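*Asks:* For what it's worth, UniProt numbering labels the leading residue of the sequence shown as 1, then goes sequentially.
Pasting in a structure now, in structure tokens, and then I'll have a few things to ask.
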Amino acid sequence: MSDQTLDLETTIRRDRPTATDGTVQVSTDSTDVTEGSRVLLGFGDDREVTFAVLTPTEAQTIATALEDAAQQADAADTLEDPTDE
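Here's what the structure looks like:
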């Protein structure tokens, strides 16, 4: 009997999706099952909203990533443009 193999194909996309205007909503999910122990993250506009239910750890990971990205963007804005000489 020969060794089993598994062929995997990966698609890497470098294009960003089309930007969409909307709002971000954050709240705790308070149902009989979760009792407020989940974070509800919503994004959308007046026509459609997409929700994600996150654990506190997942929410903290997203918050940290957003804060890091904001600090990097802020630092990039303060750098002098070398073409402005």
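C-beta atoms are modelled at their ideal positions from N, C-alpha and C, and glycine is treated no differently.
Fair warning: this is a prediction, and the values are worked out from it, not measured in the lab.
What is the DSSP secondary structure of T50, counted as helix, strand or coil?
*Replies:* Position 50 of the sequence shown, counted from the start, is the residue given in the question as residue 50. The answer is strand: DSSP assigns T50 an E or B state.
*Asks:* On the three-state DSSP scale, how would you describe residue 89?
*Replies:* The first residue shown for the chain is 1 and the last is 85, placing residue 89 beyond what the model contains.
*Asks:* Using only alpha-carbon positions, find the residue among D77, A19 and V24 that is nearest to V49.
*Replies:* Walking along the sequence shown from the start, residue 49 turns up at place 49. Check the Cα spacing between V49 and each of D77, A19 and V24: the tightest is with V24.
*Asks:* Below 8 Å on the Cβ atoms is my guess for R38 versus T61; work out the distance and round it to an integer in Å.
*Replies:* Within the sequence shown, residue 38 is the residue found at index 38, counting from 1. Within the sequence shown, residue 61 is the residue found at index 61, counting from 1. Actually they are not in contact, since the Cβ atoms of R38 and T61 sit about 14 Å apart, beyond 8 Å.
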